[in-house]
Amino acid sequence: MYRVNKPKFQLFRNSTNSLRTKLLIILIFQLVVFFPVTQRSESQSPEIPSKQLLTSSWILPDIFIPDNPVEYIQLGPTAPEKPVWNIALSSCTARKARRKTKKYSIPGRIKPFEYGRLERDIWKELVNLKKRKLLVPGDEVSVRILDLTGGRLLASINADKKRMAASLIKPFVMLAVYEQVHRGKLKRNKRLERLLRRMIVVSNNWATNRLLRILGRGDLKKGLRVVNVVIRKYRFYHTKMVEMIPPGGKTYKNYTTARDLSRFFYLLYHKRLVSQYYSELMMKKFLDVRTSRVRTYIVRKDGSPVADKTGFVCGLNGDAGIVFQSKAIPGGRDYIFVLMIENKNKPHSRRWRCHKTRVLRRLSNKIYLAFKVHAIEQRGVKVVSL
51 MYRVNKPKFQ
61 LFRNSTNSLR
71 TKLLIILIFQ
81 LVVFFPVTQR
91 SESQSPEIPS
101 KQLLTSSWIL
111 PDIFIPDNPV
121 EYIQLGPTAP
131 EKPVWNIALS
141 SCTARKARRK
151 TKKYSIPGRI
161 KPFEYGRLER
171 DIWKELVNLK
181 KRKLLVPGDE
191 VSVRILDLTG
201 GRLLASINAD
211 KKRMAASLIK
221 PFVMLAVYEQ
231 VHRGKLKRNK
241 RLERLLRRMI
251 VVSNNWATNR
261 LLRILGRGDL
271 KKGLRVVNVV
281 IRKYRFYHTK
291 MVEMIPPGGK
301 TYKNYTTARD
311 LSRFFYLLYH
321 KRLVSQYYSE
331 LMMKKFLDVR
341 TSRVRTYIVR
351 KDGSPVADKT
361 GFVCGLNGDA
371 GIVFQSKAIP
381 GGRDYIFVLM
391 IENKNKPHSR
401 RWRCHKTRVL
411 RRLSNKIYLA
421 FKVHAIEQRG
431 VKVVSL
């Protein structure tokens with residue numbers, strides 16, 4: 051037997067291997083020419099941050115600068131006691147804000163309050179509204195205005211007077227739910243978030259009662275006790291939830307005050323409710339509220355975000371929340387507002403509700419314009435009345 055040694059591999063051994071090699075070289079050449087590989091330098095940064103960057107923390111509309119075409123603007127460093135809420139305005143809202151705020155104008159038909167004498171001007175306006183019979187005998191008003199940017203209490207009228215809470219008790223229910231989730235006694239899931247959103251955004255009463263039963267492990271009275279314990283923990287001493295919200299929303303026993311509501315939104319603004327993460331979740335729901343007495347045409351025209359909650363029941367009409375004016379107007383100020391009108395006689399007429407809504411919107415417009423005029427004058431720009 052003879053052992054035959056196999057020949058070593060040769061690249062161009064025959065015509066078949068030569069043809070395959072040529073085709074492979076042509077294919078590689080085409081890939082290199084038509085699909086070049088480019089490296090991106092670390093110094094290059096996109097004009098708009100990536101979606102992951104925007105959603106890494108909860109996002110609100112950013113500060114709007116009319117001369118800057120970039121949609122998302124990074125905020126500079128701020129003091130720890132003045133937290134920054136990053137609100138990202140859409141391009142459509144930014145164009146409207148640029149077009150409206152360029153002239154620094156205010157409606158001529160509305161005389162704004164004076165920033166430094168806000169409480170005095172509100173008292174005068176209330177007297178005027180009584181003369182015009184928009185406030186009838188028996189109507190009691192509670193007002194509290196707090197400048198968050200400057201840290202000043204500008205107005206406090208009947209702030210410690212207990213009022214029927216109506217739907218204004220729902221923010222405290224949401225606080226109790228997130229407190230239990232944070233402590234590990236409740237599991238946060240899509241169903242729980244859906245109920246919270248329905249309770250705050252559309253003010254659904256069934257969702258509120260369902261959350262109370264979840265807090266009490268099926269026992270409604272125990273759920274009410276859990277809410278009241280959390281209320282006392284955060285020192286809302288003049289707020290209490292006594293009953294669930296019955297069908298039709300006719301709840302008259304739950305009560306709160308303008309001071310407690312302003313304290314709630316103050317702690318929320320500074321991200322001190324439960325934790326920073328849960329404060330951001332709560333703020334996001336307040337920004338999506340559909341019904342608002344304060345989000346008027348003047349506020350929407352400027353593009354100022356409003357995070358608030360309304361409350362209405364026979365005998366009470368109110369609204370409380372935060373206006374982020376600094377996000378739409380250069381030099382503007384964020385402020386807390388609480389406006390409540392109560393009548394112990396519990397009038398059931400639709401006319402009473404419409405008149406009180408008009409009063410709340412009128413007061414809101416004048417308060418908003420007071421902050422706007424102050425911001426414009428601080429920049430040395432003349433205010434134009436249209």
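The numbering used here numbers the first residue of the sequence shown as 51 and each following residue consecutively.
Note that the Cβ used here is the ideal one computed from N, Cα and C, for glycine as well.
Measuring C-alpha to C-alpha distances from R213 to each of L389, R400 and L198 identifies L389 as the nearest. Among the bridge pairs identified by DSSP, I386 is matched with L196 and I372. Only buried fits I219, as 16 or more other CB atoms lie within 10 angstroms of its CB. By a beta-carbon distance limit of 8 Å, F286 contacts R313. Their separation comes to about 7 Å. Residue ranges of uninterrupted beta strand (DSSP E) with 3 or more members, entirely inside the region 184-266 and ordered along the chain, are 189-197 and 202-207. In the assembly as shown, C404 is an exposed residue. Its beta-carbon has fewer than 16 other beta-carbons within 10 Å.
In the DSSP assignment, A357 falls within the unbroken beta strand (DSSP E) covering V356 to V363. Scanning C364, I386, R429 and K240 for the CA closest to the CA of A370 turns up I386. Per DSSP, reduced to three states, the secondary structure at Y305 is strand. Spatial neighbours of S325 in its own chain (CB-CB distance under 7 Å, excluding positions within 5 residues in sequence) are listed in chain order as H232.
Annotated as distal: D358 and F374, with beta-carbon spacing of 8 Å or more. One Cα belongs to L179, the other to R244, and the distance between them is close to 41 Å. Bridge pairing for E392: E190 and L366 [DSSP]. In the DSSP annotation of this structure, A378 is not part of any alpha helix (DSSP H), being labelled neither H nor E. The alpha-carbon separation between F163 and F362 amounts to approximately 26 Å.
Across the structure, K396 and L366 are spaced so that their CA atoms are roughly 8 Å apart. DSSP, reduced to helix, strand and coil, places K300 outside both helices and strands of the structure shown, so it counts as coil.
Among the bridge pairs identified by DSSP, K290 is matched with Y305. Secondary structure at I295: coil, using DSSP grouped into helix, strand and coil. Comparing C-alpha distances from I172 to each of E190, V431, A205 and G200 shows the shortest one belongs to A205. Only exposed fits L69, as fewer than 16 other CB atoms lie within 10 angstroms of its CB. Each of V252, V191 and R167 was checked against the Cα of V177, and the nearest Cα belongs to V191.
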